[in-house]
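Read through the structure below, which is laid out as structure tokens, and then see the notes.
Protein chains: 2
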Amino acid sequence: MATTRKAAPYHHGDLREALVKAGRSLLEEKGWRGFTLRECARRASVSHAAPAYHFASLDDLLAEIARRGSEEMTATMEAEARRAKDEPAARLVGQCVGYMAFAAANPRLFELIFARDAERGQVPALATAVAAVIPHAKPDVKARMTDFAWATVHGFIVLMLEGRIGAGESSRGLKTRSLALLAAMVETILREGGVPD
Amino acid sequence: MATTRKAAPYHHGDLREALVKAGRSLLEEKGWRGFTLRECARRASVSHAAPAYHFASLDDLLAEIARRGSEEMTATMEAEARRAKDEPAARLVGQCVGYMAFAAANPRLFELIFARDAERGQVPALATAVAAVIPHAKPDVKARMTDFAWATVHGFIVLMLEGRIGAGESSRGLKTRSLALLAAMVETILREGGVPD
DNA sequence: CCTAAATCTAGCCGCCGACAGAATAGGCAG
DNA sequence: CTGCCTATTCTGTCGGCGGCTAGATTTAGG
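Chains as they are written, first to last, in my numbering: chain G, 1 to 197; chain R, 1001 to 1197.
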């Protein structure tokens, strides 16, 4: 056939695709422990052993879901950065906003990405964005500031998703706080690695 | 029986205690999906149904482990703070160091604490420590700075544990980086809510 | 020593992930 | 059109799990 893989559907249509989709929604609905290969099969209207042909194991399916989620997250960040003003700091903030927005919209998937998608030179775009804010800084300072930015944003959204921060607050208030956090973060980056004032 | 609960051991000795201990080490060893009520029972040399008497469910045992872990973590933070210089900023840094040290020493337990121990007015000591650094700031600024500090420290240690930050770095280097991060954090707190310079 | 409560064991249920082998369905050679 | 080939899915099975119940065993306290 034309493509390398599964060109024409046989019994199901495209089971691999259906399983990934079912798995993703199942994960978001029932969480972690409710995620079951058999339930994915059920949602795809297929026997309990059918997934085995497409995914060697449960972890294999999770890995694929994480892989796609990771791509989607990167895309969200870049889209948000493009919407921002054409200015280094604004673009960095945009990426961070995209990061948090994706996590808030897909909390379990976000968790999964960080639990499963280990050891990947993640978020290279973030490093670029930070570097653009402090172009004159030394490489190691840029690296440290990237870590700082990432840690701040990641920690904040995680704590918020876990309900440790701003538990009883309005959505409006949380947005304001997030932006204040990002502003403080940018200022710190500028001060630490910034223009030789 | 003097105390309210399980004063003298019966068959086992103190099964409840043994299960918590076995569960904690099992969690650290096999992680999360290897954590099994039956394996805990096995490690305590007891039948598979014995735990049911002490813990209503697997979640119940996890909750207890998380509860104790949380206390231990708080103690670690306070101990580290006491070891620091008698100065607000140093004590805040000390608490953060304790936070990271505990997480690094008990990564799975640390995860568990944050996953299970939801909705608790966590880390009140951190809020106190931050407030002491910026005594003249308004309450809402203190709150924001506490969130900022917590997010920074939490994000950093999580990313480090996941291997996203400083993957190939020496332990020495990581320590230096951590301290640099904390220093930047304290400076930001001072600048944002600090002394009216 | 006897009773009642506390503690543990044995056994069952339904669910799970993984594996083995049978069955189906489309493509294709003849 | 026939018959085979291979990709895909199904049925059936195994051991392990969490949770439950029934019953045995041990201990405390009179």
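Note that CB positions come from ideal geometry on N, CA and C, so glycine has one too.
Check	Outcome
Give the C-beta separation of Leu1159/R and Ala151/G to the nearest angstrom, bearing in mind that I take them to be a contact with Cβ-Cβ under 8 Å.	6 Å
Count the other CB atoms within 10 Å of the CB of Asp59/G; is the residue buried (16 or more) or exposed (fewer)?	exposed
Using a Cβ cut-off of 8 Å, which residues of the stretch 137-161 of chain G contact any Cβ in chain R, in chain order?	Arg144, Asp147, Phe148, Trp150, Ala151, Thr152, Val153, His154, Gly155, Phe156, Val158, Leu159
Would you mind telling me which residues of chain R sit closer than 7 Å to Phe114/G, beta carbon to beta carbon, in chain order?	Glu1162
Can you tell me where the alpha helix (DSSP H) with Val1158/R in it begins and where it stops?	1139-1161
Report the three-state DSSP secondary structure of Val1130/R (helix, strand or coil).	helix
Give the interface partners of Leu181/G over in chain R, defined as CB-CB distance under 9 Å, in chain order.	Arg1144, Asp1147, Phe1148, Ala1151
With 8 Å as the C-beta to C-beta threshold (strictly closer), list the residues of the stretch 165-180 of chain G near chain R in chain order.	Ile165, Gly166, Ala167, Arg177, Ala180
Should Ala7/G be flagged as near chain R, meaning a C-beta pair shorter than 8 Å?	The predicted model places Ala7/G with a pLDDT of 36, which falls under 50 and marks its position as unreliable; any figure quoted below should be read in that light. It does not; no Cβ of chain R falls within 8 Å.
CB-CB under 8 Å to Cys40/G, same chain, minus the five flanking residues each way: which ones, in chain order?	Leu19, Ala22, Gly23, Leu26, Pro51, Leu61
Have a look at Arg1091/R, Lys1085/R, Phe1035/R and flag the residue whose alpha-carbon is nearest the alpha-carbon of Ile1065/R.	Phe1035/R
If I'm right that Ala1103/R touches Arg1091/R with Cβ under 8 Å, what's the distance once you round it to whole angstroms?	Incorrect: roughly 19 Å between the Cβ atoms, too far for contact.
At the 8 Å Cβ level, is Ala1184/R part of the contact set with chain G, yes or no?	yes
By how many angstroms is the C-alpha of Leu1126/R removed from the C-alpha of Ser1178/R?	17 Å
Am I right that Cys1096/R and Leu1182/R are in contact with their C-beta atoms under 8 Å? What's the rounded C-beta distance?	5 Å
Considering only their Cβ atoms, is the gap separating Met73/G from Ser157/G smaller than 8 Å?	A quick correction: the sequence has Ile, not Ser, at residue 157/G. Going by C-beta atoms, Ile157/G is not nearer than 8 Å to Met73/G.
For a cutoff of 8 Å on Cβ pairs, would you count Glu1192/R as touching chain G?	yes
Just to check my reading of the structure: Phe1114/R and Glu162/G have Cβ atoms closer than 8 Å, yes? What is that Cβ distance to the nearest angstrom?	6 Å
Can you tell me whether Ala7/G is buried or exposed, with buried defined as 16 or more other CB within 10 angstroms of its CB?	Only weak support exists for where Ala7/G lies, its pLDDT of 36 falling under 50; the value from the coordinates is given anyway. With fewer than 16 other Cβ atoms within 10 Å, it is exposed.
Between which residues of its own chain and Phe1055/R is the CB-CB distance below 6 Å, once the five residues before and five after are set aside?	Leu1061
Going by C-alpha distance, which of Ile1165/R, Val1133/R, Glu1087/R is nearest Gly1193/R?	Val1133/R
Where does Phe1114/R fall in DSSP's three states?	helix
Starting from the C-beta of Glu28/G, find all residues in its chain whose C-beta is less than 8 Å away, skip the five residues before and the five after it, and write them out in chain order.	Asn106, Pro107, Arg108, Leu109
Hey, out of Thr146/G, Gly155/G, Ser171/G, whose CA is closest to Thr188/G's CA?	Thr146/G
What residues of chain G sit near Thr1036/R, judged by a beta carbon separation below 8 Å?	Neighbours of Thr1036/R on chain G: none; closest Cβ ~13 Å, over 8 Å.
Pull up the distance between the alpha-carbon of Gly1166/R and that of Pro139/G, whole angstroms please.	14 Å
Between the C-alpha atoms of Trp32/G and Gly1155/R, what's the straight-line distance to the nearest angstrom?	21 Å
Does the beta carbon of Thr188/G come closer than 8 Å to any beta carbon on chain R?	yes
If you compare alpha carbons, which of Pro135/G, Arg172/G, Leu37/G, Arg144/G is closest to Ala89/G?	Pro135/G
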